[in-house]
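Residue numbers for the sequence shown follow this note's numbering, so the first one is 91 and each next one is one higher. Working notes, structure below.
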Amino acid sequence: MTLDLHTTHPTRSLRRFATLSGAALLLGACSLTGNSDPLNDVSFREQRFEQVQAINAFEACRDEGLTLDNQARSRASAGAFLNSARVLDGCGANLGSATTAVPLPERMRVHALATLNYFKGGDVEQARRTFEGFKGTYPDNDLYFGDGSSFIETTEVLLGRTDSISFGQFAALNVNDSLKSEMRRLNHWKDK
Numbered sequence: 091m092t093l094d095l096h097t098t099h100p101t102r103s104l105r106r107f108a109t110l111s112g113a114a115l116l117l118g119a120c121s122l123t124g125n126s127d128p129l130n131d132v133s134f135r136e137q138r139f140e141q142v143q144a145i146n147a148f149e150a151c152r153d154e155g156l157t158l159d160n161q162a163r164s165r166a167s168a169g170a171f172l173n174s175a176r177v178l179d180g181c182g183a184n185l186g187s188a189t190t191a192v193p194l195p196e197r198m199r200v201h202a203l204a205t206l207n208y209f210k211g212g213d214v215e216q217a218r219r220t221f222e223g224f225k226g227t228y229p230d231n232d233l234y235f236g237d238g239s240s241f242i243e244t245t246e247v248l249l250g251r252t253d254s255i256s257f258g259q260f261a262a263l264n265v266n267d268s269l270k271s272e273m274r275r276l277n278h279w280k281d282k
């Protein structure tokens, strides 16, 4: 019968003991400093709850506005477009301090659709105000339609915000081809 004897060196045992003791102290220190003020926890949870409620309200508002938009498209009704625009226009206003909780592109799309629906509904002045609000709220940002045309440039053309010189520079405008054709037609007949 053979016994395997392992000799332990006193320095190894001390190192191992020191390492384990140090780890235990660090873990203990972490739990000691982890005490938090229950009032801060409650305040944080209240803020988070309000934020979640605001996000849910935004999403419900957006969904209602999109449903009204679909109905307006199917009926081709100016009044239905205005109704959808009013609902969508109010979605962002109800966010309050939870604005940053909703992703920027989503807020931009809702605001842009409200602008376009005011225009489709015939309230050009409200479309202009909403569009100016869009540009002020989201400076240096733009949205693009499925064909790659710019929301900002297209809306500026639709609302007559571009100067007459720009109408001759069709290639420089990032707008839909059918809108460019209509601008060419208007420009042609304007000089006759």
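We treat Cβ as the ideally placed atom computed from N, Cα and C, and that holds for glycine.
Proximity of residue i and residue j at Cβ, strictly below 9 Å
i: residue 245; j: residue 217; result: yes
i: residue 236; j: residue 162; result: no
i: residue 144; j: residue 178; result: no
i: residue 170; j: residue 213; result: no
i: residue 240; j: residue 232; result: yes
i: residue 249; j: residue 209; result: yes
Residue i versus the options, residue with shortest Cα-Cα distance
i: residue 222; options: 197, 201, 212, 142; result: 201
i: residue 154; options: 163, 138, 181, 144; result: 181
i: residue 57; options: 213, 173, 224, 206; result: Within the shown structure, residues of the chain are numbered from 91 to 282, placing residue 57 beyond reach of any answer.
i: residue 191; options: 140, 248, 249, 169; result: 140
i: residue 159; options: 173, 148, 149, 147; result: 173
i: residue 183; options: 147, 171, 214, 213; result: 147
i: residue 187; options: 229, 138, 238, 213; result: 138
i: residue 152; options: 132, 199, 131; result: 199
i: residue 189; options: 168, 142, 215; result: 142
Residues sharing a beta bridge with residue i, DSSP
i: residue 228; result: DSSP lists no partner for residue 228.
i: residue 208; result: According to DSSP, residue 208 bridges with nothing at all.
Residue i burial status per 10 Å Cβ neighbour count (16 or more: buried)
i: residue 166; result: exposed
i: residue 194; result: exposed
i: residue 207; result: buried
i: residue 150; result: exposed
i: residue 247; result: buried
i: residue 226; result: exposed
i: residue 135; result: exposed
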